[in-house]
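Trainee: Pasting a structure below so you can have a look.
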Ligand SMILES: C[S@@+](CC[C@H](N)C(=O)[O-])C[C@H]1O[C@@H](n2cnc3c(N)ncnc32)[C@H](O)[C@@H]1O
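Residue numbers (this note's numbering): 9 to 267.
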């Protein structure tokens, strides 16, 4: 990728997450709702069982306000977690929730620089709603795989499938309009209507290559042990209706590196 574009994506992410950090959990109801939270917890528990180690070293990439980190900490088999995020404001939100926890090491860095400098590997690597924010997610995925220990697992949550249909488009529009206008406090609504996602969420607007990513893993002899495509929406009524829509807007992928 052109280095100027790459830098533009990083800068846009710094700006976006600086602005939305304190409201992140509130405005991302498509993630922070009971069904989605329960699904994430189940997938994490399954992966931990598959890894089957008594003290798992985990890395949570782009951990943000702690969606994945906090669930990992609830599992007794997690021995340590390194949490990396570009945004210091997002990490501050996580820090409020964590207070002090000796199992967690927090690193404020760009993930590519972190992975290049990191010498040790991890048994479990999680990355939730981050790949589409990165300049070159294929290149970063390569670096991630190099840091995944044999017998370990990589879990990718909440990325766009790129599937499209008129119905999906209408429901997505309605879900977002009703949620923002009816459920968000006016001050928060004011902030989020000023947010520009065009470069921060670059690969949402430039077709995320899910099939390419799956092939990439398969060609490397990695085992895909979990794959789920489903619709994520903020409002319960649309999450219910989502089952009737053939196209799905989101995926979760679990990859295992053989021993
Ligand atoms: C949509 S949030 C996801 C947060 C959390 N993982 C979750 O599931 O709610 C994306 C996160 O990725 C971080 N991020 C974006 N680009 C990054 C990069 N190049 N390196 C590290 N973190 C990055 C952002 O600061 C933000 O906290």
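Ideal placement from N, C-alpha and C gives every residue a C-beta, glycine not left out.
Where DSSP assigns a beta bridge to residue 194, which residues make up the other side?
Mentor: DSSP output for residue 194 lists no bridge partner at all.
Trainee: Could you check which residue in 146, 181, 149, 219 has the C-alpha nearest to that of residue 170?
Mentor: Looking at the Cα atoms, 219 is the closest of the given residues.
Trainee: Residue 127: buried (16+ other C-beta within 10 angstroms of its C-beta) or exposed?
Mentor: With fewer than 16 Cβ atoms within 10 Å of its Cβ, residue 127 is classed as exposed.
Trainee: Taking C-beta to C-beta, are residue 155 and residue 129 nearer than 8 Å?
Mentor: Yes, they are a contact pair.
Trainee: To the nearest angstrom, how far is it from the Cα of residue 256 to the Cα of residue 249?
Mentor: Rounded to the nearest angstrom, the two C-alpha atoms are 12 Å apart.
Trainee: What is the C-beta distance between residue 88 and residue 108, in whole angstroms, given that I count them as a contact (C-beta under 8 Å)?
Mentor: Contact flag wrong, Cβ pair sits at about 14 Å.
Trainee: Using the beta-carbon count (16 or more within 10 Å), is residue 213 buried or exposed?
Mentor: With fewer than 16 Cβ atoms within 10 Å of its Cβ, residue 213 is classed as exposed.
Trainee: Fully enclosed by the region 134-178, which alpha helix (DSSP H) runs are 4 residues long or longer?
Mentor: Taking only runs of at least 4 residues, the alpha helix (DSSP H) segments lying wholly in the region 134-178 are 145-154.
Trainee: Between residue 70 and ligand 1, is there a pair consisting of the residue's CB and a ligand heavy atom that are separated by less than 7 Å?
Mentor: It does: the Cβ of residue 70 is within 7 Å (strictly closer) of some heavy atom of ligand 1.
Trainee: Return yes when the Cβ of residue 208 is within less than 8 Å of the Cβ of residue 141, no when it is not.
Mentor: Against a cut-off of 8 Å, the Cβ pair of residue 208 and residue 141 comes out as a contact.
Trainee: Report the residue ranges of all alpha helix (DSSP H) runs contained in full by the region 194-243; include only those spanning at least 4 residues, in chain order.
Mentor: DSSP runs (the alpha helix (DSSP H)) wholly in the region 194-243: 194-200, 210-213, 218-227.
Trainee: Is it the case that the Cβ atoms of residue 63 and residue 85 are separated by a distance below 8 Å?
Mentor: Taking 8 Å as the Cβ cut-off, residue 63 and residue 85 qualify as a contacting pair.
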